[in-house]
Amino acid sequence: MSPVSPRDFPRSPEDLDPQWLTHVLEPFFPDLGQVRALRYERIGTGQMGLNVRAWLDYEGGKRVTGPASLVCKFASRDPASRATGVALRSYEIETNFYRQVASRIPLPVPRCFFAGFDPEGGDFLLVLEDVTPAEVGDQLVPCTLEQARSALDALAAIHAATWNHASLSELEWLNRRNSEQLAQIAGFVQAAAPVFLQRYSAQLEARHVRVLEEFLPLVTEWLELPRGPFALVHGDFRPDNLLFLHQRAAPYRVLVVDWQTVSWGAPLADVAYFIGGAFDPQQRRRYESDLLQFYCQRLRRRGVRDLSFLRCAEDHTFFSFGGLVMAVAAAVLVERTPRGDEMFLTMFARHAQHVLDLAAFSVFEPKRLAKLRDDRGNP
Numbered sequence: 011m012s013p014v015s016p017r018d019f020p021r022s023p024e025d026l027d028p029q030w031l032t033h034v035l036e037p038f039f040p041d042l043g044q045v046r047a048l049r050y051e052r053i054g055t056g057q058m059g060l061n062v063r064a065w066l067d068y069e070g071g072k073r074v075t076g077p078a079s080l081v082c083k084f085a086s087r088d089p090a091s092r093a094t095g096v097a098l099r100s101y102e103i104e105t106n107f108y109r110q111v112a113s114r115i116p117l118p119v120p121r122c123f124f125a126g127f128d129p130e131g132g133d134f135l136l137v138l139e140d141v142t143p144a145e146v147g148d149q150l151v152p153c154t155l156e157q158a159r160s161a162l163d164a165l166a167a168i169h170a171a172t173w174n175h176a177s178l179s180e181l182e183w184l185n186r187r188n189s190e191q192l193a194q195i196a197g198f199v200q201a202a203a204p205v206f207l208q209r210y211s212a213q214l215e216a217r218h219v220r221v222l223e224e225f226l227p228l229v230t231e232w233l234e235l236p237r238g239p240f241a242l243v244h245g246d247f248r249p250d251n252l253l254f255l256h257q258r259a260a261p262y263r264v265l266v267v268d269w270q271t272v273s274w275g276a277p278l279a280d281v282a283y284f285i286g287g288a289f290d291p292q293q294r295r296r297y298e299s300d301l302l303q304f305y306c307q308r309l310r311r312r313g314v315r316d317l318s319f320l321r322c323a324e325d326h327t328f329f330s331f332g333g334l335v336m337a338v339a340a341a342v343l344v345e346r347t348p349r350g351d352e353m354f355l356t357m358f359a360r361h362a363q364h365v366l367d368l369a370a371f372s373v374f375e376p377k378r379l380a381k382l383r384d385d386r387g388n389p
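Numbering (my numbering), first residue to last: 11 to 389.
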């Protein structure tokens, strides 16, 4: 991580400065030439941040050892999205992730040269490796089986590297699941649901609406159930946040971006969210069992021994509701766009059908609830 002060950084793409970037990059590239000029363009579809690709020109026309381009992520320009990012601590959390976690534990993420956050103004900036060649996933296009396996391999690497990691469990910003915070989440989801249903009523299937309506009275209980073992949980692990690598010598076929929702929690929450939302229902039914077994095998290959496949499948079912929570909450929180509407509708339909296909409401039956409460600590 660059020694440049984490509060001394450009606040917008227009403020990017060649000299500042030179100072940021120098610790990583000993023979770096002076950055003479730069140009940038907006990239990505993120609604909580403003992403740009910056091309760098160096003194003498040669870049020596420096990168030809970088990806810079700023706070959103939309006032509502920006306020949400500050209120949910999203910008602070992603900054802390790169400074305190990714800088110490090898993970399948782009290299980070700078991460800064200003709590007073709500500004933040990440300066990241521009991963090329790479294909950005698309939430609106179902994953291929090969892509899904690559994604779950990367996810298993993240979870295995942080499995019951003592130092991570002590980070306050990562552990945000006290009773007060969980009550706030439940209250917001219950308040957001009528807004979501009214906004999209003409485009929702009745059976999927019933799933949400039946879940709302149970959301508090669902959030509060204990659920160890614990690991680093991405929180929004879906195709839009994955870079599929091509023709690159690397230990992973996928790198994971957008760590604003990272937390210390149950690893199967990421798995259920990905499998439930990355495919249309017909594909998901065809691949689901094999992908779940593949993930568990990858965990074991990386040294995790305290999670049986039965427990994996149980938690996968339990966390299938997570996609509903994300679709409803995010749709109401962030800037509304045509692609955003299509994405949230797609997510909602896929995750609601996932709940139905897994008969996930069975986890709330009294005997199942008692077993969850009594045995969540056992693999």
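Virtual Cβ for every residue (Gly too), placed ideally from N, Cα, C.
On a Cα-Cα basis, can you pick out the residue from Leu302, Val272, Glu224 and Val373 that is closest to threonine 172? For this step, residue 172 is matched to residue 162 along the sequence shown. Looking at the Cα atoms, Val272 is the closest of the given residues.
Using the three-state DSSP reduction, which class does valine 137 fall into: helix, strand or coil? As a working mapping, residue 137 is identified with position 127 in the sequence shown. Correct three-state label for valine 137: strand.
So, with DSSP's three-state summary, where would you put alanine 170? For the purposes of this step, residue 170 is identified with residue 160 of the sequence shown, where counting begins at 1. Reduced to three states, the DSSP call for alanine 170 is helix.
For histidine 169, which option in Ala337, Val338, Arg378 and Gln307 has the closest C-alpha, if you only look at C-alpha atoms? On the sequence shown, residue 169 is found 159 positions in, with the first residue counted as 1. Answer by Cα proximity: Gln307.
Could you tell me the alpha carbon to alpha carbon distance between proline 389 and aspartate 316, rounded to whole angstroms? As a position in the sequence shown, residue 389 is number 379, starting the count at 1. As a position in the sequence shown, residue 316 is number 306, starting the count at 1. Caution is warranted here: a pLDDT of 45 is assigned to proline 389, below 50, making its placement in the model unreliable, and the coordinate value is therefore given only provisionally. When rounded, the distance between both Cα atoms is 6 Å.
In this structure, does DSSP put leucine 162 in helix, strand or coil? Walking along the sequence shown from the start, residue 162 turns up at place 152. The answer is helix: DSSP assigns leucine 162 an H, G or I state.
Rank Arg49, Glu130 and Ala337 by C-alpha distance to the C-alpha of phenylalanine 247 and give the top, closest one. By 1-based counting over the sequence shown, the position of residue 247 is 237. The residue with the shortest Cα to Cα distance from phenylalanine 247 is Ala337.
Strictly by DSSP, which residues pair up with serine 113? Taking the first residue of the sequence shown as position 1, residue 113 is located at position 103. Paired residues: none, contrary to the question.
Determine whether the beta carbon atoms of valine 264 and leucine 252 lie at a separation below 8 Å. Taking the sequence shown and counting its residues from 1, one reaches residue 264 at position 254. Taking the sequence shown and counting its residues from 1, one reaches residue 252 at position 242. Their beta carbons are under 8 Å apart, which means valine 264 touches leucine 252 by this criterion.
Counterpart residues of alanine 8 in DSSP-defined beta bridges: Residue numbering for the chain in the displayed model covers 11 to 389; residue 8 lies beyond these limits and cannot be assessed.
Which stretch, first to last residue, makes up the alpha helix (DSSP H) that contains cysteine 322? Position 312 of the sequence shown holds residue 322. That run of the alpha helix (DSSP H) goes 319-328.
Per DSSP, cross-strand counterpart(s) of aspartate 300: Against the sequence shown, residue 300 aligns to sequence position 290. DSSP, once it has assigned bridges, lists no residue as partnering aspartate 300.
Proline 129 versus leucine 31: straight-line alpha-carbon distance, rounded: One-based indexing of the sequence shown puts residue 129 at position 119. One-based indexing of the sequence shown puts residue 31 at position 21. If I take the Cα positions, the gap works out to 22 Å.
Opening and closing residue of the beta strand (DSSP E) in which phenylalanine 127 lies: Locating residue 127 in the sequence shown gives position 117, counting from the first residue. 122-128 is the span of the beta strand (DSSP E), which, as asked, contains phenylalanine 127.
Which residues does DSSP pair with tryptophan 274 in a beta bridge? The residue given as residue 274 occupies position 264 in the sequence shown. BP columns for tryptophan 274 point to Leu242.
Under the rule that 16 or more other beta-carbon atoms within 10 Å means buried, what is threonine 327, buried or exposed? Taking the first residue of the sequence shown as 1, we reach residue 327 at position 317. Buried, since its Cβ has 16 or more Cβ neighbours within 10 Å.
Can you look up glycine 313 in the DSSP assignment and give me helix, strand or coil? To locate residue 313, count along the sequence shown from 1; it is residue 303. If DSSP states are grouped into helix, strand and coil, glycine 313 belongs with coil.
Going by Cα to Cα distance, which pick from Leu155, Leu26, Arg187 and Glu223 is closest to alanine 47? Within the sequence shown, residue 47 is the residue found at index 37, counting from 1. Ranking Leu155, Leu26, Arg187 and Glu223 by Cα distance to alanine 47 puts Leu26 first.
Would the stretch 59-73 and the stretch 148-157 be scored as touching if the rule is three or more Cβ pairs under 8 Å? no
Ignore the nearest five residues each way along the sequence and tell me which others in glutamate 104's own chain have a CB closer than 6 Å to its CB. Counted from its first residue, the sequence shown places residue 104 at position 94. If we look at glutamate 104 and ignore the five residues flanking it on each side, its Cβ neighbours are Trp269 and Gln270.
Touch test, the stretch 344-353 against the stretch 297-312, Cβ-Cβ under 8 Å, three pairs minimum: no
Proximity to valine 205 [Cα-Cα], best of Val365, Glu375 and Ala340: Your numbering for residue 205 matches position 195 in the sequence shown. Among Val365, Glu375 and Ala340, the Cα nearest to that of valine 205 is on Ala340.
With the cut-off set at 8 Å, would you say cysteine 82 and leucine 35 are in Cβ contact? The residue you call residue 82 lines up with position 72 of the sequence shown. The residue you call residue 35 lines up with position 25 of the sequence shown. Contact flag unset, no.
Distance, Cα to Cα, glutamate 223 vs histidine 364? Taking the sequence shown and counting its residues from 1, one reaches residue 223 at position 213. Taking the sequence shown and counting its residues from 1, one reaches residue 364 at position 354. If you take the alpha carbons of glutamate 223 and histidine 364, they lie about 15 Å apart.
Let me confirm a value: threonine 94 is counted as buried when at least 16 other C-beta atoms fall within 10 Å, else exposed. Which label applies? Position 84 of the sequence shown holds residue 94. Buried is the call here.
Option in Gly245, Phe254 and Val199 with minimal Cα separation from leucine 228: What you label residue 228 is simply residue 218 of the sequence shown in a count that begins at 1. The candidate whose alpha carbon is nearest that of leucine 228 is Val199.
State the beta-bridge partners of glutamate 145 as determined by DSSP. The residue labelled residue 145 in the question sits at position 135 within the sequence shown. Paired residue(s): Phe254.
Which partner residues does glycine 59 have in the DSSP bridge list? Your numbering for residue 59 matches position 49 in the sequence shown. Beta-bridge pairing links glycine 59 to Ala85.
As assigned by DSSP and simplified to three states, the class of leucine 265: Numbered from its first residue, the sequence shown carries residue 265 at position 255. Strand.
Just to confirm my understanding: we take aspartate 290, look at its own chain, exclude 5 residues before and 5 after, and list those with CB closer than 6 Å. What are they? In the sequence shown, the residue the question calls residue 290 occupies position 280. Closer than 6 Å at the Cβ level, and outside the excluded window around aspartate 290, lie Pro152.
DSSP bridge partner residues for valine 373 (one or two, in chain order): Numbered from its first residue, the sequence shown carries residue 373 at position 363. Note: valine 373 sits in no beta bridge, so no partner.
Three-state secondary structure (DSSP) of valine 34: The residue you call residue 34 lines up with position 24 of the sequence shown. Three-state result, valine 34: helix.
Between isoleucine 115 and glutamate 156, what straight-line distance do the alpha-carbon atoms span, to the nearest angstrom? Stepping through the sequence shown from its first residue, residue 115 is reached at position 105. Stepping through the sequence shown from its first residue, residue 156 is reached at position 146. When rounded, the distance between both Cα atoms is 26 Å.
Cβ-Cβ distance between tyrosine 210 and leucine 366 below 8 Å: Taking the first residue of the sequence shown as 1, we reach residue 210 at position 200. Taking the first residue of the sequence shown as 1, we reach residue 366 at position 356. No, the Cβ-Cβ distance between tyrosine 210 and leucine 366 is not below 8 Å.
With respect to the alpha helix (DSSP H) encompassing glutamine 191, which residues constitute its N-terminal and C-terminal limits? Position 181 of the sequence shown holds residue 191. Here the alpha helix (DSSP H) through glutamine 191 covers 189-210.
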